[in-house]
Amino acid sequence: MSAPEVAPTSEVPVSAAGPGDVSPRRAFVRLLLGVSLVVAAAMAFGQGDLLLVVACLVVMIMVHELGHFLAAKRGHMKVTEYFLGFGPRLWSFRRGETEYGVKAIPLGGYVKIPGMTGLDEVDPDDEPRTYRQQPFGARLLVAVAGSAMHFLMAFLLLWSLLTFVGLPNGHRVSIQGTARLDGRPGPAQTAGLLPGDVLVSVDGRPVGGDPAALISAVKDHPGTAVTLVVDRGGATRTVVVVPADGRTVHEAGVVAPAGDAPFGVIGVSLGSPVERAGPVRAVTTSTTDLVRFSWASVVGVAHVFSPGAVVQRVDQVTSATAASQATANGTRVQSIVGVVQTAQDAVHAGIGDLLVILISINLFIGIFNLFPMLPLDGGHVAIAVYERIRTGRRREPYHADVAKLLPFTWAMVAFLGIIFATSLLTDLLHPMANPFG
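Take 40 as the starting number for the sequence shown in my numbering and just add one per residue.
Have a look at this one:
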């Protein structure tokens, strides 16, 4: 099928209507100047991490809308607007039949496709290319495309995390650092242990992912040699370390056991080694991990819509204890304020933690947006499926009476408003502690 004819593809600036409007070029210059001033002010006040987080969220928003845009174009639907933000138009240009631009309130974005419901009034000449007149497959693709882009972004972020940054391997134990004891090299440093060494065995016993083997061997053998086998850069090495008596030397963070019996210390901190995957292996791992993380997000979304969750959110607004408990058990819903703060904390912690947060945000939004109620995209999915079932084998397609759904739509809007208000108040009154601290 050939694509429909459209207007020439040259970019034509478009300004808002009205005699007081400035020229499109001047509006664009003002927009760039305003953005530059905001960036300069943020950098001057040390808020570069905030700029990074906001930029990531803006990209997420526009990629979500890009999914709807591309799916609509593929289905030969008419797309009249593709905008970042809401409210008064700051700057735009027209290419073909679509106007692209930026509006004053950057709290989202949208793609305007005529005829998304039977209630929309559309020029008769445009009716054949409206959303509602397209076949089931084209409408379904448009409805799910936004969430699909979130899953795609999550996959790419996860692949990048595994390939270029790596994740801690909980099945292995590594030396995170070595320390001096009482101003002198500790036994670990003297023996030649290095940060990054992965423990293989202690006195012949495999370590695996449990550091208890090393901790107990060191503690029980002050002044006696302990033989360690470590993996250093893929090569196996044997290291003999002699623990010092913790009664005579001090290691930061170590609490002496009761009594006066000697116990061993060597001056190390332990953790899980961060390991990267090859690009090909990361594809498989990313796919399986994405399924696992997506299921966790499904559980989270189900909790958001559960009847008891509303009461819990009200409790979190009025009680710091309830807010802390919700944080601890993973049921706290964060507002945009809380999400931005957590993402800023992740920036300070490292690129790996930021990627994990961005992956989580994409998966949650992608699944939340598929809840089968208008105004969410899942509502359009539900309507398209219902209309397909009712149409059956008839020639004339069945169109649902969306007006009958308006009471449910407004109830959903009110419910979303409650979620927004309670989560925002909770984040303002009881800010969540830095999870990376």
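Each residue gets a CB set at the ideal place from its N, CA and C atoms; glycine is no exception. None of these values were measured; they are calculated from a predicted model.
With DSSP as the reference, please indicate the residues paired to residue i in a beta bridge.
{"i": "E314", "result": "L206"}
{"i": "G185", "result": "Paired residue(s): none; G185 is not in a bridge."}
{"i": "Y121", "result": "Y139 and V150"}
{"i": "L201", "result": "Its beta-bridge partners do not exist; DSSP assigns none."}
{"i": "S308", "result": "G216"}
{"i": "A283", "result": "V304"}
{"i": "F190", "result": "Per DSSP, none; premise fails for F190."}
{"i": "W130", "result": "V141"}
{"i": "V237", "result": "S213 and D270"}
{"i": "R331", "result": "Beta-bridge pairing links R331 to no other residue."}
{"i": "R223", "result": "L220"}
State the start and end residues of the unbroken alpha helix (DSSP H) segment that holds residue i.
{"i": "T357", "result": "P346 to T357"}
{"i": "Q380", "result": "I375 to A388"}
{"i": "P63", "result": "P63 to A83"}
{"i": "V97", "result": "G87 to R113"}
{"i": "D164", "result": "Unbroken run through D164: none, as it is neither H nor E."}
{"i": "E426", "result": "D416 to T430"}
{"i": "P226", "result": "P226 to A230"}
{"i": "A439", "result": "First-last for A439: undefined, no H or E at that position."}
{"i": "L233", "result": "It is not in any alpha helix (DSSP H) - L233 carries neither H nor E in the DSSP assignment."}
{"i": "D466", "result": "L445 to L468"}
Let me know if residue i comes out buried or exposed under the rule of 16 or more other beta-carbons within 10 Å of its beta-carbon.
{"i": "G476", "result": "exposed"}
{"i": "A83", "result": "exposed"}
{"i": "I503", "result": "Nothing can be reported for residue 503, as the shown portion of the chain is limited to 40 through 476."}
{"i": "S213", "result": "buried"}
{"i": "A515", "result": "Residue 515 falls outside the range modelled here, since the chain spans only 40 to 476, and no answer is possible."}
{"i": "S41", "result": "Residue placement at S41 is poorly supported in this model, since its pLDDT is 37, which falls under 50; the coordinates still yield a value, given next. Its Cβ having fewer than 16 others within 10 Å, S41 is exposed."}
{"i": "L195", "result": "exposed"}
{"i": "R422", "result": "First, the residue type needs correcting, since residue 422 is Ile and not Arg in the sequence shown. The residue in question, I422, is buried, as its Cβ has 16 or more Cβ neighbours within 10 Å."}
{"i": "R434", "result": "exposed"}
{"i": "T461", "result": "buried"}
{"i": "T48", "result": "Any reading at T48 must be qualified, since the residue scores a pLDDT of 40, below 50, and its modelled position is unreliable; the value itself is stated next. Exposed, by the Cβ-count rule."}
{"i": "G148", "result": "buried"}
{"i": "R244", "result": "exposed"}
{"i": "F459", "result": "exposed"}
{"i": "T137", "result": "buried"}
{"i": "N368", "result": "exposed"}
{"i": "P474", "result": "exposed"}
{"i": "I400", "result": "buried"}
Checking 7 Å against the spacing of the C-beta atoms, do residue i and residue j come in under that value?
{"i": "G306", "j": "G235", "result": "no"}
{"i": "G185", "j": "G310", "result": "no"}
{"i": "Q355", "j": "A361", "result": "yes"}
{"i": "V301", "j": "D328", "result": "In the sequence as displayed, the identity of residue 301 is Pro instead of Val. No, the Cβ-Cβ distance between P301 and D328 is not below 7 Å."}
{"i": "L96", "j": "Q383", "result": "no"}
{"i": "K142", "j": "G126", "result": "yes"}
{"i": "F108", "j": "V161", "result": "no"}
{"i": "P282", "j": "G298", "result": "no"}
{"i": "V379", "j": "V92", "result": "yes"}
{"i": "S308", "j": "Q215", "result": "yes"}
{"i": "G391", "j": "V204", "result": "yes"}
{"i": "F175", "j": "R427", "result": "yes"}
{"i": "D164", "j": "P153", "result": "no"}
{"i": "S333", "j": "L402", "result": "yes"}
{"i": "M471", "j": "T366", "result": "yes"}
{"i": "D466", "j": "V376", "result": "yes"}
Would you mind reading off the limits of the beta strand (DSSP E) that contains residue i?
{"i": "Q173", "result": "From DSSP, Q173 is part of no beta strand (DSSP E); its letter is neither H nor E."}
{"i": "V246", "result": "First-last for V246: undefined, no H or E at that position."}
{"i": "T266", "result": "V265 to R271"}
{"i": "R276", "result": "A274 to V280"}
Check the C-beta distance from residue i over to residue j and give it rounded, since I have them as a contact under 8 Å.
{"i": "V237", "j": "V269", "result": "6 Å"}
{"i": "S374", "j": "L463", "result": "4 Å"}
{"i": "L123", "j": "M101", "result": "6 Å"}
{"i": "I404", "j": "T381", "result": "The pair is not a contact, with the Cβ atoms about 14 Å apart (cut-off 8 Å)."}
{"i": "D242", "j": "T266", "result": "5 Å"}
{"i": "V183", "j": "Y170", "result": "That pair is no contact at about 13 Å."}
{"i": "S363", "j": "I406", "result": "The pair is not a contact, with the Cβ atoms about 26 Å apart (cut-off 8 Å)."}
{"i": "T324", "j": "L201", "result": "6 Å"}
{"i": "P414", "j": "T448", "result": "6 Å"}
{"i": "R211", "j": "G248", "result": "6 Å"}
{"i": "R65", "j": "M116", "result": "At roughly 33 Å, the Cβ-Cβ gap does not stay under 8 Å, so R65 and M116 are not in contact."}
{"i": "G114", "j": "Q173", "result": "5 Å"}
{"i": "V340", "j": "F454", "result": "About 13 Å separates the two Cβ atoms, so there is no contact after all."}
{"i": "V338", "j": "V372", "result": "Between V372 and V338 the Cβ distance is about 13 Å, and since that is not below 8 Å, they are no contact."}
{"i": "L232", "j": "V288", "result": "Rounded, the Cβ-Cβ distance is 17 Å, inconsistent with contact."}
{"i": "I398", "j": "A187", "result": "With a Cβ gap of about 15 Å, I398 and A187 do not count as contacting."}
{"i": "L394", "j": "S199", "result": "7 Å"}
Does residue i have its Cβ less than 7 Å from a Cβ in chain E?
{"i": "A193", "result": "Of the chains in the structure shown, none is chain E; there is only one protein chain."}
Tell me whether residue i counts as near the ligand PLP, meaning its Cβ is closer than 6 Å to at least one heavy atom of that ligand.
{"i": "L309", "result": "The ligand content of the structure shown is nil, which means the ligand PLP is not present either."}
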